[in-house]
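J.: Residue numbers (UniProt numbering): 1 to 88. Encoded as structure tokens, here's the structure I'll be asking about.
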């Protein structure tokens, strides 16, 4: 299992479009994916779970993956949060 802390640097945090993009990418991996914010942990492949975190711009989240492709999953998903959310 590996994890990485990332900061939500887009203006709206984990809103519907950002959560949908994250889930779409997370579901491409065989590994179990989890997100953590404010001490709450949710399934990273669940849009409802991600949106329930209520994570906003400037807040730190932890992306965690466990499985055969965990390193690739964390790298790709953290890249999405750090770079691609800004355009949403």
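For each residue, glycine too, the CB sits at the ideal point set by N, CA and C.
For residue 12, which of helix, strand or coil comes out of DSSP?
T.: Stepping through the chain shown from its first residue, residue 12 is reached at position 12. Three-state result, residue 12: coil.
J.: Between which two residues does the beta strand (DSSP E) harbouring residue 42 extend?
T.: If you number the chain shown from 1, residue 42 lands on position 42. Per DSSP, residue 42 belongs to the beta strand (DSSP E) from 40-43.
J.: Could you say which of 10, 22, 30, 39 lies nearest to residue 57 if we only look at CA atoms?
T.: The sequence position of residue 57 within the chain shown is 57, counting from 1. With distances taken between Cα atoms, residue 57 lies closest to 10.
J.: For the alpha helix (DSSP H) that contains residue 35, what are its first and last residues?
T.: Indexing the chain shown from 1 puts residue 35 at position 35. Per DSSP, residue 35 belongs to no alpha helix (DSSP H); it is in the beta strand (DSSP E), 32-37.
J.: Pull the bridge partners of residue 65 from the DSSP assignment, please.
T.: What you label residue 65 is simply residue 65 of the chain shown in a count that begins at 1. 2, 33.
J.: If you compare alpha carbons, which of 64, 40, 63 is closest to residue 54?
T.: Position 54 of the chain shown, counted from the start, is the residue given in the question as residue 54. For the residues 64, 40, 63, the minimum Cα distance to residue 54 belongs to 40.
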